[in-house]
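Read through the structure below, which is laid out as C-alpha cells, and then see the notes.
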Amino acid sequence: MGRRTPLFELHQELGARIVDFGGWDMPVQYASQIGEHHAVRRAAGIFDVSHMCAVDLKGPRVRQFLQHLLANDVAKLKVPGKALYSCMLNEAGGVLDDLIVYFLNESAFRLVVNAGTRDKDLAWIRSIGQQFDVQATERTDLAILAVQGPEARAKTAALLSASGANAAMALGPFFGRDIDGWFVARTGYTGEDGFEVMLPASDAVRVWRELNAAGVVSCGLGARDTLRLEMCYPLNGSDLSPERNPIEAGLGFFVDLAKPDFVGRDALLKTKEFGPREKLVPFRMKEKGPPPRPHYAVFGNGERIGEVTSGTLSPSLNWGIGMAYVSSAHAKIGVEIDIEIRAQKFPATVEKKPLYRKPAS
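Here you go:
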C-alpha cells in the first residue's frame, strides 16, 4: 500500500482506477481517460495533486538561499504572490527536480515540488538551507486541487465569497494569494487556464464534490499526462532526471547563467560552451499506427540516435506524439526520424513546441 491523499476514499467512491505513482495510490482515470482529457480542453476538470509537496521556507536569508539553490533568478520575484518555474540541480548540473516557487514576503517563500522526489528534495533543501539558517516546513496539512480548463476559474471562484471571487478572477498568470483560507494560484500543467488551490485537507472532499456538482469533471493522472505532453511540458522522472541538465532538456530559458553562484552552474557553463550532445525534442508520427511509448529507440539515417522519454496517442490531435532525447544533429525542427515500435520503424518528424495549439476562436 502506498501513500494516500486526503481524497483517496472519495476516488474509490467515484470508481477511479487506482495505480501506484511515485509511491502514492492515485487515480489514473475515472470513467474515461479520453473523456477527461477533452473535458479539460473544452470545459473544466479537477485533478487531485495532493501528492505534490508544498514546502514553506522561512528565514531572513531565504531569498539568498533560493538564489543558490535554484537555476532561475529569484530576483525576478518582486511582487508578493508572484511565482517562478525553475529547476533544482545537482553539482553536475543534472535536474533533481523541476518546481514552482512563490514569493510570499522577504522572509517567506513557498516551493511546490514533485511527488516522486519529495523525500530527496526535502533532504537536499534542508541540507543546503542549514547554511543560510532557513527553516523548511512540509505542509502536510494541505491538499492541492488543480482545476483546469476554459471554465475552471469561474467555477472555482463561484465557491468563494463575493470579494474572494473577485480577487481570484483578478489573479494574473503565475500569481497566487491567500483567499478565504485557500492559497489560490493561477498555474497548471495542462496548457489550459485554471487554478491550483492549496487548501486545508479537511476541506478537500467537500470542495471536490461542490465542483463536481457545478459540472467540473473528475480527472485522473492519465489525462493529466496526455494534456501536458501535448504542450511539451516535461515530466520529472521521464523527460527530466539527475543525468540530464536543463539545457539538454530544452529548459535553458529557465536558467540564468548570469547569476554568480548556484548549484550546478559550472557544469552548465561547460554545456553552454561546447553544446549538448543530445537534446529533448517533441515529435509527431507521420503515419497512423501504434503510439510511441517511453524507451522506444529513435533512429536517424539508419543509426540509433536516441530514445523516447514520453509518448502517447494525443486525444486532441488523434495522432501519435512524444518527446525524445536525440543527437543534437537531429534536433532541428522538421528533421525526419524513425521510432522503433515492436521491431518495426515508423517515420516521425521533429516538431515545434507545443504540439497542440488551441483553435482560433
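Throughout, this note's numbering is defined as the position within the sequence shown, counted from one, plus 113.
Backbone N, C-alpha and C define an ideal beta-carbon position, used for all residues, glycine too.
- About 6 Å separates the Cβ atoms of A362 and P347, confirming a contact at the 8 Å cut-off.
- Residue range A275 to M282 is occupied by the alpha helix (DSSP H) that includes N279.
- According to the DSSP assignment, D379 belongs to the alpha helix (DSSP H) that extends over R378 to F387.
- Taken in chain order, the complete alpha helix (DSSP H) segments of 4 or more residues contained in the stretch 205-255 are 231-242.
- In this structure D161 is buried. Its beta-carbon is surrounded by 16 or more other beta-carbon atoms within 10 angstroms.
- For E323, the closest alpha carbon among the candidates Q457, P173, P389 and T269 is that of T269.
- By the 16-neighbour rule on beta-carbons within 10 angstroms, D352 is buried.
- For the set P389, A271, D186 and E219, the Cα lying nearest the Cα of D374 is the one of D186.
- Under the criterion of beta carbons closer than 8 Å, R174 and D246 qualify as touching, at roughly 6 Å.
- The beta carbon of V153 sits closer than 7 Å to those of Q261, G262, T303, E305, C332, A336 and L340, all from its chain and outside the five residues before and after it, given in chain order.
- Taken atom to atom, the span from the alpha-carbon of F412 to that of H164 is near 36 Å.
- For E356, same chain residues with a beta-carbon under 6 Å away, outside a window of 5 residues either side, are G207 in chain order.
- Excluding its 5 nearest sequence neighbours in each direction, D254 has C-beta neighbours in its own chain below 7 Å: P313 and A314, listed in chain order.
- Distance from the Cα of H443 is smallest, within the candidate group T462, E309, V168 and K385, for T462.
- Inter-residue distance for D138 and A129 is about 11 Å (C-alpha atoms, whole angstroms).
- Only residues of its own chain outside the window of five on either side were considered, and among them G135, M165, C166, D210, D211, L212, D234, N349 and G350 have a CB closer than 8 Å to the CB of N227, listed in chain order.
- Taking 8 Å as the upper bound for CB-CB distance, W295 and M311 are in contact here, some 7 Å apart.
- Taking a C-beta distance under 8 Å as the contact criterion, I446 and E420 do not qualify as a contact pair.
- In the three-state reduction of the DSSP assignment, I446 falls in the coil class, being assigned neither a helical nor a strand state.
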